[in-house]
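Numbers in this note's numbering are just positions in the sequence shown, counted from 1, shifted up by 2. A short write-up of the structure that comes next.
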Amino acid sequence: MIEIETKAVLENPADIGSKLAALGYEFSEPIVQEDEIFFRDGDEVKGLWLSKTVLRIRTVNDRHTLTVKQHRCDDSDQFN
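This is the structure we're talking about:
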């Protein structure tokens, strides 16, 4: 599976709910998750997400998922 994720800094988080609702989105029940991040010895955390392979174990309600994150830098890196 290829996933594209976009992150944005919100200047006024209180406004986002009404704006998303106007677009037809609904909030779910709160989801509490715990992430453990793993990277190779010698790698630095700063800039890590942009250049290295990172492993994550995410726990949500006693369900554990291993994710491998790698940065791609080609034409498929577009958000359409």
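Ideal placement from N, C-alpha and C gives every residue a C-beta, glycine not left out.
Checklist entry - Out of curiosity, what's the CA-to-CA distance linking R60 and Q35? => result Cα atoms of R60 and Q35: separation of roughly 7 Å, rounded to the nearest angstrom.
Checklist entry - Which residue's Cα is closest to the Cα of T67: E28, D37, V56 and K9? => result The shortest Cα separation from T67 among E28, D37, V56 and K9 belongs to D37.
Checklist entry - Using a Cβ-Cβ cut-off of 8 Å (strictly less than) and excluding sequence neighbours within five positions of L57, which residues of its own chain qualify? => result Hits under 8 Å: I39, F40, F41, L68, T69, V70 and K71.
Next on the checklist: Tell me the DSSP secondary structure of I18 in three-state form.
Outcome noted: When secondary structure is reduced to three states using DSSP, I18 falls in the helix class.
Next on the checklist: Please report the distance separating the alpha-carbon of P32 from that of I6.
Outcome noted: Between the alpha carbons of P32 and I6 lies a gap of roughly 23 Å.
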